[in-house]
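What follows is a short report on a single structure.
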Amino acid sequence: MGLPRPSSVADVMTREVVSIGPQASYTEIVHAMLAHDISCLPVVAADGVLLGMVTEADLSAKEAFRANAGGRARLFADRLRGRDTTWAAKSQGRVAADLMSTDVETATPDDDLDTVARLMLARRHKRLPVLDEGRVVGIVASHDLLRPFERGDTELTVDVEIVLSLPGMPSDLDASFQVDHGVVRIWGSARVPSEITPVISAIARIPGVVAVDSQLFARDPNPTGRL
61 MGLPRPSSVA DVMTREVVSI GPQASYTEIV HAMLAHDISC LPVVAADGVL LGMVTEADLS
121 AKEAFRANAG GRARLFADRL RGRDTTWAAK SQGRVAADLM STDVETATPD DDLDTVARLM
181 LARRHKRLPV LDEGRVVGIV ASHDLLRPFE RGDTELTVDV EIVLSLPGMP SDLDASFQVD
241 HGVVRIWGSA RVPSEITPVI SAIARIPGVV AVDSQLFARD PNPTGRL
């Protein structure tokens, strides 16, 4: 048996993607979002290539700027003055091409979940389109990243046993462990201190492990201290 494979985007993404074309009207976009209870839509070309994303925020700009009686004329004047007109421009949008953002962060099916999770946290994204050769093949949302933690203790126990038996683990590790609600408690001894950290790290990388409670100690705590 090999090391349990880290969860990838392909394992958790939604594959049935609701998308729209660049000429979808404002009201068509609203209806699609409400009907499917989603907060963003990929905008795709006829061949499925991603062109951009429309979000609830993009649509909300129209309401936020409703009092802007000057409309397109005022928008043009603001542009001439060098003002940031991004949201004002979106408020005038009528079709997806006017409303969408084209600078879109994406994921691939093979991306590790930890990599995608860090990206989503850093950029405060709730979901990312998943692309394969430029085409949309899925959507990964923040709640999808929680799916590995649905794994039961029995399944995790098997994975920990596999990890501890892999080449590279300390051959003289004398340890026992227990999994309780995703938390792995491991106790016993390794020969030297440097063998303990790799064991803890390997267990912590198993998809679905919540935490590792280590009570391991080194039988020889100072191996280089001898004469």
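Mapping of the sequence shown onto our numbering: residues 61 to 287, in sequence order.
Quick reminder that beta carbons are idealized off the backbone N, C-alpha and C, glycines included.
Which value, in whole angstroms, describes the spacing of the CA atoms of residue i and residue j?
{"i": "Leu-94", "j": "Ser-120", "result": "14 Å"}
{"i": "Thr-74", "j": "His-96", "result": "13 Å"}
{"i": "Val-269", "j": "Gly-212", "result": "10 Å"}
{"i": "Ser-202", "j": "Leu-173", "result": "10 Å"}
{"i": "Leu-224", "j": "Asp-234", "result": "11 Å"}
{"i": "Leu-111", "j": "Ile-80", "result": "10 Å"}
{"i": "Ser-85", "j": "Asp-192", "result": "27 Å"}
{"i": "Val-78", "j": "Gly-242", "result": "34 Å"}
{"i": "Leu-179", "j": "Gly-194", "result": "19 Å"}
{"i": "Glu-116", "j": "Asp-219", "result": "41 Å"}
{"i": "Thr-146", "j": "Arg-126", "result": "15 Å"}
{"i": "Trp-247", "j": "Gln-275", "result": "4 Å"}
{"i": "Leu-140", "j": "Ala-92", "result": "At Leu-140, the pLDDT of 44 sits below 50, so the modelled position is not reliable; the number obtained from the coordinates is stated separately. So the alpha carbons of these two residues sit roughly 35 Å apart."}
{"i": "Glu-88", "j": "Glu-221", "result": "53 Å"}
{"i": "Arg-184", "j": "Pro-281", "result": "44 Å"}
For my contact list, residue i and residue j are in at a C-beta cut-off of 8 Å; report their separation, rounded to the angstrom.
{"i": "Ile-266", "j": "Leu-216", "result": "7 Å"}
{"i": "Arg-279", "j": "Arg-245", "result": "About 20 Å separates the two Cβ atoms, so there is no contact after all."}
{"i": "Ala-157", "j": "Pro-82", "result": "4 Å"}
{"i": "Phe-277", "j": "Ser-249", "result": "5 Å"}
Buried or exposed, going by whether 16 or more other CB atoms sit within 10 Å of the CB of residue i?
{"i": "Asp-288", "result": "Because the chain in this structure spans residues 61 to 287, residue 288 falls outside the shown range and cannot be described."}
{"i": "Ala-133", "result": "Low confidence applies here, because Ala-133 scores a pLDDT of 49, under 50, leaving its location unreliable; read the following figure in that light. So Ala-133 ends up on the exposed side."}
{"i": "Phe-237", "result": "buried"}
{"i": "Ala-148", "result": "buried"}
{"i": "Val-109", "result": "exposed"}
Excluding the 5 residues flanking residue i on each side, which residues of the same chain have their C-beta closer than 8 Å to its C-beta?
{"i": "Val-176", "result": "Val-69, Ala-167, Leu-188, Val-200, Leu-205"}
{"i": "Met-113", "result": "Cys-100, Leu-101, Pro-102, Val-103, Met-160, Ser-161, Val-164, Pro-189"}
{"i": "Val-90", "result": "Leu-119"}
{"i": "Asp-170", "result": "Ser-68, Val-69, Ala-70"}
{"i": "Gly-198", "result": "Val-69, Ala-70, Met-73, Thr-74, Arg-75, Val-77, Pro-169, Pro-189, Val-190"}
Going by beta carbon distance, what residues of the same chain come within less than 6 Å of residue i, once the five residues before and after it are set aside?
{"i": "Val-32", "result": "The requested residue 32 is not part of the displayed model; the chain covers only 61 to 287."}
{"i": "Val-7", "result": "What is shown of the chain runs 61 to 287, which leaves residue 7 out entirely."}
{"i": "Gly-283", "result": "Per the sequence shown, the amino acid found at residue 283 is Pro instead of Gly. Once the five neighbours on either side are set aside, the close Cβ partners of Pro-283 are Val-252."}
{"i": "Lys-186", "result": "Ser-202"}
**Q.** Contact the segment 108-123 vs the segment 149-158: 3+ CB pairs below 8 Å
**A.** yes
Q. Does the segment 227-239 touch the segment 253-260, meaning 3 or more C-beta pairs lie closer than 8 Å?
A. yes
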